[in-house]
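Peer 1: Mind looking over this structure? Questions follow.
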Amino acid sequence: MNFDFTDDQTAFSDAVRGFARTQLANGALERAHDPNYSFELARKLAAQGLLGIIMPEKDGGAGGTLMDAVIAIQELAAVCPKSADVVQAGNFGAIRTFAEYADEEQKTKWLSGLLSGDKLIGLGMSEPGAGSEVTALQTSAVAEGDEYIINGTKIFSTHSADATLYLVYVRFGPGLNGIGSVLIERGTPGLTIGSPSTFMSGEQWCQLYFENCRIPKSHVLLGEGGFKKQISGFNVERIGNSARSLAVGRHAFDIARAHVLERRQFGRPIAEFQGLQWQFADVAVKMEAAQMLLYRAAVNADRGLPSAYETSAAKYACNQAGFEAANLAVQAMGGTGYSSESIVEYCFRRTRGWMIAGGSTEVLKNRIAEEVFGRRFDQRPARG
């Protein structure tokens with residue numbers, strides 16, 4: 012399969028790269044260490060058409076492809092990793108699920124603000140008792156007149172500290188078909204946002220508490236039976252996760268490569284020591300292989316429904332390669348790489364998180380194994 016960029020993709024890549032180098036290079040380290048979501052940065056990226064790349068023009072998006080979004084993330088991460096996070100938030104995850112399934116009234120109310128960078132949508136999915144086993148969620152939505160009453164708790168919620176709108180997975184009834192999702196605005200009575208907690212990456216998240224939180228029925232995104240639709244979005248979400256993971260790891264790798272060519276010990280550049288050469292060679296091959304898996308998943312997803320196997324394989328490979336690249340960069344640069352004065356240590360911490368978020372590497376290997384053996388393996392214990 013040919014993964015060469017089209018002329019349009021090449022021009023787009025060049026334009027994003029030029030913008031990143033001239034507008035985002037200064038301050039990249041400070042942005043990386045700032046735990047807050049930058050709405051100023053989001054508006055700047057929106058002005059370049061980098062939010063809503065993959066959304067239809069009729070909805071205010073650019074009408075581009077998943078590959079276009081991957082290209083944008085890669086080019087931005089090579090200069091300013093935090094900017095790639097903002098583009099991810101403006102194209103994948105909760106915003107894409109919203110844009111895919113929201114009705115016209117919901118889009119009119121919220122989408123333009125999300126695409127302009129003035130607003131931010133967060134995802135409330137994981138619960139204290141429902142992580143990888145998301146179908147065990149307990150947050151309930153009970154109908155009462157023209158409203159739903161929401162009760163439950165969400166943890167590890169993406170952008171929960173800064174979001175103005177939350178896409179929340181809820182249970183309307185028993186079983187898989189009882190799961191759907193609702194839209195809840197920040198400040199809604201009955202929603203309490205807990206004190207910020209900090210991930211190793213420096214990102215913050217807040218526990219979300221819903222106690223008799225009332226929302227109008229018009230704020231239902233997907234009702235009963237909607238779970239399979241919204242969870243299928245994770246296949247696309249994993250493409251964005253993969254792109255960031257690999258691109259941020261490559262950014263650290265490139266910085267370390269330049270360092271070992273210049274750093275001298277024992278009278279010569281440390282790049283001349285075979286121990287380092289082999290490590291860089293191993294990681295370079297892993298990154299190239301992961302890149303091909305990512306492009307395959309993105310290209311094929313643009314042609315139709317994304318393949319769960321292809322996106323799982325891409326995310327697994329990109330997570331592994333991205334982290335190994337950043338890990339090597341820290342080791343090769345020694346104290347400099349380990350210092351917070353270098354963005355390399357941030358890349359190390361960031362890539363480690365993506366091996367958990369959006370489907371852990373273990374969960375991904377389970378999905379890959381199902382393809383290998385041609386059957387599904389139920390992780391739940393057999394019922395007697």
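Per my numbering, the very first residue in the sequence shown carries number 12; after that it's consecutive.
Heads up, the beta-carbon is just placed ideally off N, CA and C, and yes, glycines get one too.
In chain order, what are the residue ranges of uninterrupted alpha helix (DSSP H) at least 4 long that sit wholly in the segment 234 to 298?
Peer 2: Counting whole runs of 4 or more residues, the segment 234 to 298 contains the alpha helix (DSSP H) stretches 238 to 273.
Peer 1: With tryptophan 121 as the anchor, note down where its alpha helix (DSSP H) starts and where it stops.
Peer 2: Taken as a continuous stretch (DSSP letters only), the alpha helix (DSSP H) holding tryptophan 121 covers 115 to 127.
Peer 1: Is the beta carbon of glycine 260 sitting closer than 8 Å to the one on threonine 372?
Peer 2: No.
Peer 1: Which same chain residues, not among the five before or five after serine 192, have their C-beta less than 7 Å away from its C-beta?
Peer 2: Contacts found: Leu178, Val179, Tyr180, Val181, Leu232, Leu233, Gly237 and Gln241.
Peer 1: Can you tell me which of Ala340, Gly348 and Ala301 puts its alpha carbon nearest to the alpha carbon of alanine 325?
Peer 2: The shortest C-alpha separation from alanine 325 is found at Ala301.
Peer 1: What would DSSP say about arginine 307, mapped onto helix, strand or coil?
Peer 2: Three-state DSSP puts arginine 307 in a helix.
Peer 1: Helix, strand or coil: how does DSSP classify isoleucine 64 here?
Peer 2: Note: isoleucine 64 maps to coil in three-state DSSP.
Peer 1: At the level of alpha carbons, what is the spacing between alanine 26 and glycine 60?
Peer 2: Each residue's Cα considered, the two are about 11 Å apart.
Peer 1: Rounded to a whole number of angstroms, what is the C-alpha to C-alpha distance between valine 355 and serine 323?
Peer 2: Approximately 26 Å, taken between the alpha carbons.
Peer 1: Can you give the Cα-Cα distance for leucine 219 and aspartate 293, rounded to whole angstroms?
Peer 2: Looking at the two C-alpha atoms, the distance is approximately 43 Å.
Peer 1: I need the DSSP call for threonine 203, collapsed to helix, strand or coil.
Peer 2: Three-state result, threonine 203: strand.
Peer 1: I'd like to know whether the C-beta atoms of alanine 95 and isoleucine 84 end up nearer to each other than 8 Å.
Peer 2: Yes; because the gap between Cβ atoms is below 8 Å, this pair is in contact.
Peer 1: Can you tell me whether asparagine 162 is helix, strand or coil according to DSSP?
Peer 2: Three-state DSSP puts asparagine 162 in a strand.
Peer 1: Could you please give the first and the last residue of the uninterrupted alpha helix (DSSP H) stretch that includes asparagine 102?
Peer 2: Careful: asparagine 102 lies outside any alpha helix (DSSP H) and carries neither H nor E.
Peer 1: Between histidine 170 and leucine 194, which are expected to be in contact by the criterion C-beta below 8 Å, what is the C-beta distance as a whole number of angstroms?
Peer 2: With a Cβ gap of about 14 Å, histidine 170 and leucine 194 do not count as contacting.
Peer 1: Hey, how far is the Cα of tyrosine 159 from the Cα of glutamate 222?
Peer 2: Roughly 12 Å between the two C-alpha positions.
Peer 1: State yes or no: is the C-beta of proline 92 nearer than 7 Å to some heavy atom of the ligand GTP?
Peer 2: In terms of ligand content, the structure shown is empty, and the ligand GTP therefore cannot be addressed.
Peer 1: Check whether the segment 134 to 151 and the segment 55 to 71 are in contact - that is, three or more C-beta pairs closer than 8 Å.
Peer 2: Result no; under three Cβ-Cβ pairs closer than 8 Å.
Peer 1: What are the boundary residues of the alpha helix (DSSP H) that includes asparagine 223?
Peer 2: First-last for asparagine 223: 215 to 227, but that is the beta strand (DSSP E), not the alpha helix (DSSP H).
Peer 1: What residue from Leu187, Leu35, Glu116 and Ala174 has the CA that sits closest to threonine 146's CA?
Peer 2: It is Leu187.
Peer 1: Would you be able to state if there are at least three C-beta pairs under 8 Å between the segment 300 to 314 and the segment 271 to 282?
Peer 2: Flag = no, the segment 271 to 282 and the segment 300 to 314 do not touch.
Peer 1: For cysteine 91 versus leucine 35, is the C-beta distance shorter than 8 Å?
Peer 2: Yes.
Peer 1: Can you tell me whether isoleucine 379 is helix, strand or coil according to DSSP?
Peer 2: Correct three-state label for isoleucine 379: helix.
Peer 1: Taking Cβ to Cβ, would you say alanine 224 is nearer than 8 Å to isoleucine 132?
Peer 2: According to the sequence shown, residue 224 is cysteine rather than alanine. Not a contact, by the Cβ cut-off of 8 Å.
Peer 1: Tell me threonine 169's beta-bridge partners as DSSP assigns them.
Peer 2: Bridge partners of threonine 169: Leu134.
Peer 1: Taking DSSP as the reference, what is the three-state secondary structure of glutamate 196?
Peer 2: Three-state DSSP puts glutamate 196 in a strand.
Peer 1: Buried or exposed for glycine 38, please, with buried defined as at least 16 other CB atoms from any protein chain shown within 10 angstroms of its CB.
Peer 2: Looking at its Cβ environment, which holds fewer than 16 other Cβ atoms inside 10 Å, glycine 38 is exposed.
Peer 1: Exposed or buried, what is glutamate 116 when buried is set at 16 or more other beta-carbons lying within 10 Å of its beta-carbon?
Peer 2: Classification of glutamate 116: exposed, given that the 10 Å Cβ count is below 16.
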